[in-house]
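Inspection log for the structure reproduced underneath, given as structure tokens.
Protein chains: 2
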Amino acid sequence: MGKDSLTGDQYHHGNLRAALLDSALVVLTEKGVAGFSMREAARRAGVSQSAPKHHFGDARGLLAALATRAYRQLCDRLESLELAGLDARERVTCIAAEYVAFAGENRALFDLMWRMTQFDFTASELAEEKHRALLILDRSLRGEDAEPPAHDTDPALVPSYAVWSLVHGYTTLALEGAIDSSNPDPLNSDLLNTMLALLDVSGPPRKSFP
Amino acid sequence: MGKDSLTGDQYHHGNLRAALLDSALVVLTEKGVAGFSMREAARRAGVSQSAPKHHFGDARGLLAALATRAYRQLCDRLESLELAGLDARERVTCIAAEYVAFAGENRALFDLMWRMTQFDFTASELAEEKHRALLILDRSLRGEDAEPPAHDTDPALVPSYAVWSLVHGYTTLALEGAIDSSNPDPLNSDLLNTMLALLDVSGPPRKSFP
DNA sequence: CGAATCATCTGCTCACTGTCAAGATGATGG
DNA sequence: CCATCATCTTGACAGTGAGCAGATGATTCG
Chain W
1 MGKDSLTGDQ YHHGNLRAAL LDSALVVLTE KGVAGFSMRE AARRAGVSQS APKHHFGDAR
61 GLLAALATRA YRQLCDRLES LELAGLDARE RVTCIAAEYV AFAGENRALF DLMWRMTQFD
121 FTASELAEEK HRALLILDRS LRGEDAEPPA HDTDPALVPS YAVWSLVHGY TTLALEGAID
181 SSNPDPLNSD LLNTMLALLD VSGPPRKSFP
Chain P
1 MGKDSLTGDQ YHHGNLRAAL LDSALVVLTE KGVAGFSMRE AARRAGVSQS APKHHFGDAR
61 GLLAALATRA YRQLCDRLES LELAGLDARE RVTCIAAEYV AFAGENRALF DLMWRMTQFD
121 FTASELAEEK HRALLILDRS LRGEDAEPPA HDTDPALVPS YAVWSLVHGY TTLALEGAID
181 SSNPDPLNSD LLNTMLALLD VSGPPRKSFP
């Protein structure tokens with residue numbers, strides 16, 4: 001377990017960093033990204049308003065750390081899926097369901113994860129975890145023994161990019177009420193699977209891209 | 001032209017609403033969604049801090065009006081595309097390119113459009129324009145003479161939902177640096193077209209969804 | 001053991017924001 | 001001509017992120 005572990009032992013003088021991340025998550029979940037307040041997160045952790053500074057620098061730093069932890073959790077969930085014995089299409093269905101489930105269970109967090117460019121462009125650790133998500137998706141799709149992609153624009157990655165785009169696009173569209181605005185809980189796995197069925201996930205792309 | 005027209009005639013006592021929308025767009029473009037300030041928008045329009053209240057209620061109202069105008073502009077651009085004589089795949093390519101171009105030319109605005117749930121859940125005019133985007137996409141995809149969808153969950157809409165999800169997902173992923181983080185201008189139409197080629201946009205879906 | 005050093009946390013201040021209530025200003029219309 | 005109404009200004013308030021000086025306490029080192 002890293003320094004972001006959920007349960008703190010000593011508290012008041014101890015692992016404030018993890019405690020702040022926890023209280024920040026509560027505030028974020030209750031108030032949303034727009035209503036988030038670093039002072040309130042500090043208040044709920046029982047410390048002064050400027051205590052977070054030493055651990056996260058500023059508010060963007062706190063949110064970046066929160067988003068990084070969220071990416072790590074998502075990656076862990078995707079990585080721990082049992083995909084042995086499934087064909088490519090079943091694996092995609094499985095991954096997509098987990099992705100959508102994570103977004104539905106952690107809406108405010110999922111929002112934040114895709115809103116970081118407006119807070120911090122240069123969070124390298126965060127970019128790493130984001131990239132890890134792509135690699136996990138690609139490995140799940142093409143199998144453990146397939147050759148890993150040489151670079152971000154490797155043509156072999158195209159099907160993975162397509163799956164990610166489709167699943168991620170559907171998730172955000174649905175959460176923003178663009179799919180079925182009358183439905184309060186719009187994440188519909190059946191619809192997503194029907195759309196995924198229209199996607200050719202097996203073969204390599206026809207031509208490379210620069 | 002509606003009341004959101006860009007050029008104001010009388011100004012100081014006249015169409016402040018449009019002037020505020022214009023200055024708000026400038027502030028939004030310069031500072032991004034997180035750095036947006038209603039006071040600064042009022043300042044740039046040459047009026048007092050609480051002048052926007054009468055026209056938009058509060059800050060969320062201003063942003064909602066801005067997002068609504070943006071949806072209208074996007075819809076107009078998609079609607080004015082010349083698609084006659086093209087087959088389904090060419091039409092999709094054309095629409096996708098326009099969608100991505102709009103997002104690239106209006107990044108802050110595009111961000112805002114998909115961040116409204118955290119500002120205002122009940123902007124009916126906005127939801128209308130968002131829905132109009134779907135109908136335009138669907139009509140472009142299935143042709144002018146196809147029967148319009150009966151409801152939001154009409155199975156005939158599935159290919160349109162899939163195209164929208166793929167294109168929208170790719171756009172947001174690319175803008176967030178998830179596709180090729182080293183590329184500062186990541187919107188690559190070739191990659192998008194290659195992904196769209198993997199999608200079966202012609203036939204009806206195999207089975208309906210609830 | 002004592003003292004210096006360092007990490008951590010507090011208190012205070014500042015500029016800025018969104019929102020509200022009360023009042024000016026000016027156009028419209030009876 | 002005057003009342004009414006829409007529009008805009010002024011002045012206030014609580015809340016926020018950020019910076020600075022200093023208290024507190026743990027650690028390390030002479």
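Chains as they are written, first to last, in full-length UniProt numbering: chain W, 1 to 210; chain P, 1 to 210. The beta-carbon is built from N, C-alpha and C at its ideal position, and this holds for glycine as well.
Three or more Cβ pairs drawn from the stretch 58-70 of chain P and the stretch 15-28 of chain P lie within less than 8 Å of each other, which places the two stretches in contact. Leucine 86 of chain P carries a coil assignment under DSSP once its states are collapsed to helix, strand and coil. Within its own chain, the residues whose Cβ lies closer than 6 Å to the Cβ of leucine 187 of chain W, once the five positions on either side in sequence are excluded, are Val100, Gly104 and Ala174, listed in chain order.
Look at glutamate 176 of chain W: its C-beta is under 9 Å from a C-beta on chain P. Against phenylalanine 119 of chain P, the close residues of chain W are Ala34, in the order they occur along the chain (beta-carbon pairs closer than 8 Å). In this model, leucine 137 of chain P and glycine 57 of chain W are separated by some 45 Å (Cα to Cα). Straight-line measurement puts the Cα of leucine 109 of chain P at about 21 Å from the Cα of leucine 16 of chain P. DSSP lists W/Leu199 as the bridge partner or partners of leucine 199 of chain P.
Here the stretch 176-195 of chain W lies against the stretch 90-98 of chain W, with 3 or more beta-carbon pairs under 8 Å apart.
Taken through DSSP and simplified to helix, strand or coil, threonine 171 of chain P comes out as helix. Annotated as proximal: leucine 134 of chain P and leucine 157 of chain P, with beta-carbon spacing under 9 Å.
Counting along the chain, the unbroken alpha helix (DSSP H) around isoleucine 136 of chain P starts and ends at 124-142.
Residue state for leucine 109 of chain W is assigned as helix, using DSSP reduced to three classes. Taking the C-beta atoms as reference points, alanine 51 of chain P is found nearer than 9 Å to alanine 42 of chain P.
The beta carbon of proline 148 of chain P sits no closer than 9 Å to any beta carbon of chain W.
Sequence-distant Cβ neighbours of threonine 68 of chain P in its own chain, meaning closer than 8 Å and more than five residues away, are Ala123, Glu125, Leu126 and Glu129. DSSP places serine 160 of chain P in the helix class (H, G or I) of the three-state scheme.
Residues of chain W whose Cβ lies closer than 7 Å to the Cβ of alanine 156 of chain P do not exist, since the nearest Cβ in that chain is about 12 Å away. As the crow flies, the alpha-carbon of leucine 28 of chain P is around 22 Å from that of lysine 31 of chain W.
The CB of aspartate 111 of chain W comes closer than 9 Å to the CB of Arg115, Thr117 and Gln118 in chain P, given here in chain order. For leucine 166 of chain W and cysteine 75 of chain W, the gap between their C-alpha atoms comes out near 18 Å. Per DSSP, the unbroken alpha helix (DSSP H) holding glycine 61 of chain P starts and ends at 59-79. For proline 184 of chain W, the secondary structure class from DSSP, reduced to helix, strand or coil, is coil. Sequence-distant partners of leucine 141 of chain W (beyond 5 residues in either direction) whose C-beta falls short of 8 Å from its own C-beta, in its chain, are Ala88, Arg91, Val92, Ile95, Pro159, Ser160, Val163 and Val201. The beta carbons of leucine 199 of chain W and leucine 83 of chain P sit about 23 Å from each other, so the pair does not count as a contact at 8 Å. In its chain, beyond the 5 residues on either side, Ile136 have a beta carbon closer than 8 Å to the beta carbon of glutamate 79 of chain W. At a cut-off of 9 Å between beta-carbon atoms, tyrosine 99 of chain P makes no contact with chain W. Going by beta carbons, aspartate 152 of chain W and aspartate 185 of chain P fall outside the 9 Å limit.
At a cut-off of 9 Å between beta carbons, methionine 38 of chain W makes no contact with chain P.
The beta-carbon distance between tyrosine 170 of chain P and methionine 113 of chain P, rounded to whole angstroms, is 16 Å. This is too long to meet the 8 Å contact definition.
Residues of the same chain with a CB within less than 6 Å of the CB of asparagine 106 of chain W, apart from the 5 flanking positions on each side, do not exist. The three-state secondary structure of proline 155 of chain W, taken from DSSP, is helix.
Setting aside the 5 residues that flank it on each side, alanine 45 of chain W is surrounded in the same chain by Leu16, Ala19, Leu20, Asp22, Ser23 and Ala51, each with a C-beta closer than 8 Å to its C-beta; the list follows chain order. Between arginine 77 of chain P and phenylalanine 102 of chain P, the CB-CB gap stays under 9 Å. Where serine 23 of chain P is concerned, the enclosing alpha helix (DSSP H) starts and stops at 16-31.
Of the candidates P/Arg115, P/Leu86 and P/Thr117, the residue whose Cα lies closest to the Cα of glycine 143 of chain P is P/Leu86.
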